[in-house]
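Student:
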Amino acid sequence: MNKTYVLMSVKILWLMVAITTNAREISKTKNFNKKTSFLGQCKRYDPKLNACARRVFNEIKEQLVHGIPELFLPPFEPLRIPEIKMNQDTGGVCMQSSYKDIELYGLTDFTVKELDFDLVNTKLKTILEFPKIRMQSLYTIDGKIMMLPIVGAGPCQANFTNVELDVNILCETVSIENQVYLEVKDIEVHYEVGNVTMHLIDLFNGDKALSESMNQYINDNWKILSEDLRPLLEKALREFIKSSSDKLLTVYTYRDLLPE
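For reference, each letter of the sequence shown is one residue, going -23 to -1, 1 to 237 in mature numbering (1 follows the signal peptide of the UniProt record, and there is no 0).
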């Protein structure tokens, strides 16, 4: 069963690799421009700062389909990732797996449930809701789930519904060459998923009975043991968010982001 959440963790790690890799390349391009219309729209001491930030967030969401180089964000609809390889040995899961031609859909269709700036403590809290995230890729797997062997290679499809991501980012101000920047000090991440359905095609060398049995087992039991991988997933999300935030906060000053 843990296999379902393993693949969910893979999905999140795919996001991490894709965004950080693309951000690294974007920052090197000659066409990179520090000025962007998304930044500086909201004033730091505006009583309606949170409402302004929510509006800007929604503007950014609309542009994510094609990507936003100024914010180190690649195209998100779909988010394409060439290949990811993983060795997994957590709890009842022990296996080697690789995934190619990965495509993720639905990452731009989110709702900002909450967005709150605490300027006194330089802290940001946001809650995002994703109605549905769809994934497709080519996979190879060899290992065991709860002592049950799993092996196969072929197309993989998965749907994640009612995903809620709760993020708290604590920053501190630092002075560099007479400019004030924000620096991430701590990140807390929590997520919830309403349901996961998955289908691994051609498991067990195409044995239809074994393949259907394993897929049914995964989909019937994903929630029972899902907590086993929560620490791994939330750690992966924290690292991804910090990496992305560090890139943004290194380029833009506090005044660029939130003018006084």
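Here a beta-carbon is modelled for each residue, glycine too, at the ideal position from N, C-alpha and C.
In whole angstroms, what is the alpha-carbon distance linking N145 and S222?
Tutor: Answer to the nearest angstrom: the Cα atoms are 12 Å apart.
Student: Would the beta-carbon of P208 fall within 9 Å of that of D179?
Tutor: No; because the gap between Cβ atoms is not below 9 Å, this pair is not in contact.
Student: Would S75 and Y116 qualify as a contact pair, given that the criterion is a beta-carbon distance under 9 Å?
Tutor: A contact, by the Cβ cut-off of 9 Å.
Student: Would you check if the distance between the CB atom of T103 and the CB atom of F53 is smaller than 9 Å?
Tutor: Not a contact, by the Cβ cut-off of 9 Å.
Student: Considering only their Cβ atoms, is the gap separating L214 from Y168 smaller than 9 Å?
Tutor: Taking 9 Å as the Cβ cut-off, Y168 and L214 qualify as a contacting pair.
Student: Leaving out five residues before and five after F94 in sequence, what residues of the same chain have Cβ atoms less than 7 Å from its Cβ?
Tutor: Contacts found: L26, N27, A30, L101.
Student: So what does DSSP say about Y22, is it helix, strand or coil?
Tutor: Three-state result, Y22: coil.
Student: Provide the residue(s) that pair with K62 in DSSP beta bridges, ordered along the chain.
Tutor: For K62, which the question treats as bridged, DSSP gives the partners S75.
Student: Am I right that N136 and T174 are in contact with their C-beta atoms under 8 Å? What's the rounded C-beta distance?
Tutor: With a Cβ gap of about 5 Å, N136 and T174 count as contacting.
Student: DSSP state of I178, grouped into three classes?
Tutor: Residue state, collapsed to three classes: coil.
Student: In this structure, does DSSP put E2 in helix, strand or coil?
Tutor: At E2, the pLDDT of 43 sits below 50, so the modelled position is not reliable and the matter cannot be decided from this model.
Student: Return helix, strand or coil for M(-16), following the three-state DSSP convention.
Tutor: Summary for M(-16): the model assigns pLDDT 43, below 50, so the residue's position carries little reliability, and this model does not support an answer.
Student: Look up M112 in the DSSP assignment and say whether it is helix, strand or coil.
Tutor: Three-state result, M112: strand.
Student: Distance, Cα to Cα, K77 vs R32?
Tutor: When rounded, the distance between both Cα atoms is 36 Å.
Student: Leaving out five residues before and five after T150 in sequence, what residues of the same chain have Cβ atoms less than 8 Å from its Cβ?
Tutor: T99, V157, Y158, L159, E160, Y231.
Student: From which residue to which residue does the alpha helix (DSSP H) around L187 run?
Tutor: Its alpha helix (DSSP H) spans residues 185 to 198.
Student: Indicate whether F34 and L92 have their beta-carbon atoms separated by less than 9 Å.
Tutor: Yes, they are a contact pair.
Student: If you check the beta carbons only, do L234 and G83 fall under 9 Å apart?
Tutor: Contact flag unset, no.
Student: Check this for me: beta carbons of L105 and L225, under 9 Å apart or not?
Tutor: No, the Cβ-Cβ distance between L105 and L225 is not below 9 Å.
Student: Closest to P59 by CA distance: which of I79, H43, V42 is it?
Tutor: Ranking I79, H43, V42 by Cα distance to P59 puts I79 first.
Student: Have a look at V128 and I37 and give me their C-alpha separation to the nearest angstrom.
Tutor: Roughly 41 Å separates the two Cα atoms.
Student: When burial is assigned at 16 or more other CB atoms within 10 Å of the CB, is P24 buried or exposed?
Tutor: P24 is exposed by the Cβ-count criterion.
Student: Would you mind sorting P126 into buried or exposed? The rule is 16 or more other CB atoms within 10 Å of its CB.
Tutor: Exposed: under 16 other Cβ atoms inside 10 Å.
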